[in-house]
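Q: The opening position of the sequence shown corresponds to residue 1 in this note's numbering, with each subsequent residue numbered one higher. To start, I am sharing the structure in question, which I have written as structure tokens.
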Amino acid sequence: MTGVQVLAVADSDADQRLDRWFRRLFPHIPQGRIEKMCRKGEIRVDGGRVKPATRLQSGQEVRIPPLPDPMPGDALGAPRVQKSAISDADAAMMRRAVIYQDDHLIAINKPAGLPTQGGSGQGARHVDALAACLAREGEDKPRLVHRLDKDTSGVLLLARSRQAAQALTDAFRHRETRKIYWAAVAGAPLPRMGKIKFGLVKAAGHGKGGEGEKMRCLHPSEIATTDGAKRAETDYATLSALGGRVSWVAMVPITGRTHQLRAHIAELGHPIVGDGKYGGSSQENLGDGWGAQLGGEISRKLHLHARYLKFRHPFSKRDLTLTAALPDHMARTWDLFDWRAEDVPVDPFYDELG
């Protein structure tokens, strides 16, 4: 067990998330433990309490509480999850998921149901851990630069180096990327194209300890007077509608709030197919529910997919456009409704809809 340590943030680590900085220095400490130490105030920056996502600044002093010593074989500075700890099946799954790679970055089509990062109740099987199998000989484990929710599939970027991670993280933070999601939603949104500007605030769930918390939408005029509320903005466009029963919708998150797309489109009365959190019991196709199951033909999984990502490559400075194929459960739904990618614009917000 180590004693209390106080470490200064180096210039090269400026603007890095606290949890990522911590895991690089102490790779044997799991993400869940870092989050717990932050909640309890055991990790402090310049004497103040912090969150795992706090951005560090050069020269700040980070208080590190006593930590367990690494187990034999755990080398400080090495990736926390070694390639040998990843099953052959998971390694093959990650390699199949790669849709682009070069000397600086990797893009995968994240499978639905696979968490992006570890955390409370997520276990050790997540992209951040499994990415070690994508590292080249002598390289560090690829770094996450953004995230997708566990049940959302699609384009996810990882960086091969600290420099690439910083450049890509900055691009996401400064909204220098273009992200388009595809979803199947209940009913037919009207107007067919629009902008959603509801604010979002976290609402506790009904379970013991607040389990099942979700985001609640607010009128824009209520944001300033509601504690914890944040501005949120989503563009949407209806690409195809099936008799007012179910629609194929494209969405662009102008801001990047938790569950933003799911909460926003549900607030319009058109929840995403398979979204039990924001769609409620009407997902079951019972009584007067909107019946997105269409008699049981449609998967109960969430129909939300990060289809398209466009950004400027941090080193070549060329625009890079990536698209990810639909996951199997969504592909079956698209086939059932005869929805085809070639029949719609790549970016319906810039191109004319037919």
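Where a beta carbon is used, it is the ideal one built from N, C-alpha and C, also for glycine.
#1: Quick check on P27: buried or exposed, where buried means 16 or more other Cβ atoms within 10 Å of its Cβ?
#2: Among all the DSSP beta bridges, which residues are the ones paired with S240?
#3: Hey, out of I180, L67, S316, whose CA is closest to T2's CA?
#4: Going by C-alpha distance, which of V273, G256, M37, L326 is nearest H305?
#5: Please tell me whether Y181 and R307 are closer than 8 Å, where the distance is taken between their beta carbons.
#6: CB-CB under 6 Å to D288, same chain, minus the five flanking residues each way: which ones, in chain order?
#7: Quick check on the DSSP output: the beta strand (DSSP E) that includes C217 runs from which residue to which?
#8: Are there 16 or more other CB atoms within 10 angstroms of the CB of L268, so buried, or fewer, so exposed?
#9: Alpha carbon to alpha carbon, how far is G279 from Q57?
#10: Quick check for students: name the residue ranges of the beta strand (DSSP E) that lie wholly in the region 19-67, counting only runs of 3 or more.
#11: With the cut-off set at 8 Å, would you say F337 and A237 are in Cβ contact?
#12: Secondary structure at G289, three-state DSSP: helix, strand or coil?
#13: Between the C-alpha atoms of G194 and V252, what's the straight-line distance to the nearest angstrom?
#14: Considering only their Cβ atoms, is the gap separating P314 from L168 smaller than 8 Å?
#15: I29: which of L218, V9, P70 sits nearest, CA to CA?
#16: What first and last residue would you give for the beta strand (DSSP E) that runs through Q101?
#17: Report the option in S247, Q31, V98, W21 whose CA atom is closest to the CA atom of R192.
#18: Write down the C-beta distance between R216 and A224 rounded to the nearest angstrom, noting that I regard them as a contact closer than 8 Å.
#19: In its own chain, which residues sit with a C-beta less than 7 Å from the C-beta of A164, not counting the 5 before and 5 after it?
#20: Rounded to the nearest angstrom, how far is the Cβ of H264 from that of T234, given a contact under 8 Å?
#21: Mind reading off the beta-carbon distance from F311 to E222? Whole number of angstroms is fine, and I expect it under 8 Å.
#22: Taking only three categories from DSSP, how would you classify L179?
#23: Spell out the partners DSSP gives M193 in its beta bridges.
#24: So which of I196, H303, G187, I99 has the shortest CA-CA distance to Q260?
#25: What does a CB cutoff of less than 6 Å around R20 pick up in its chain, not counting 5 residues either side in sequence?
#26: Look at the alpha carbon of L242 and the alpha carbon of T321, and state the distance between them as a whole number of angstroms.
#27: When you compare only the Cα positions, how much space is there between G125 and D328?
#28: Would D343 be called buried (16 or more neighbouring beta carbons within 10 Å of its own) or exposed?
#29: Alpha carbon to alpha carbon, how far is A92 from G274? Give it in angstroms, no decimals.
A: So, from the listed chains and residues:
#1: buried
#2: W248
#3: L67
#4: L326
#5: yes
#6: With a pLDDT of 43 at D288, under the threshold of 50, the predicted position of this residue should be treated as unreliable, and no value is reported.
#7: 214-218
#8: buried
#9: 41 Å
#10: 61-64
#11: no
#12: Bear in mind that a pLDDT of 45 at G289, under 50, signals an unreliable position, so the number given afterwards is only what the model happens to contain. Coil at G289, not helix or strand.
#13: 11 Å
#14: yes
#15: P70
#16: 98-101
#17: S247
#18: Contact doesn't hold; Cβ gap of about 16 Å is too wide.
#19: H104, L105, P314
#20: 5 Å
#21: The Cβ separation is near 33 Å, so there is no contact.
#22: Here the sequence assigns Lys to residue 179, which means Leu is not the residue at that position. Strand.
#23: A237
#24: I196
#25: none
#26: 30 Å
#27: Gly is not the amino acid found at residue 125; the sequence shown has Arg there. Cα to Cα, R125 sits roughly 21 Å from D328.
#28: exposed
#29: 28 Å
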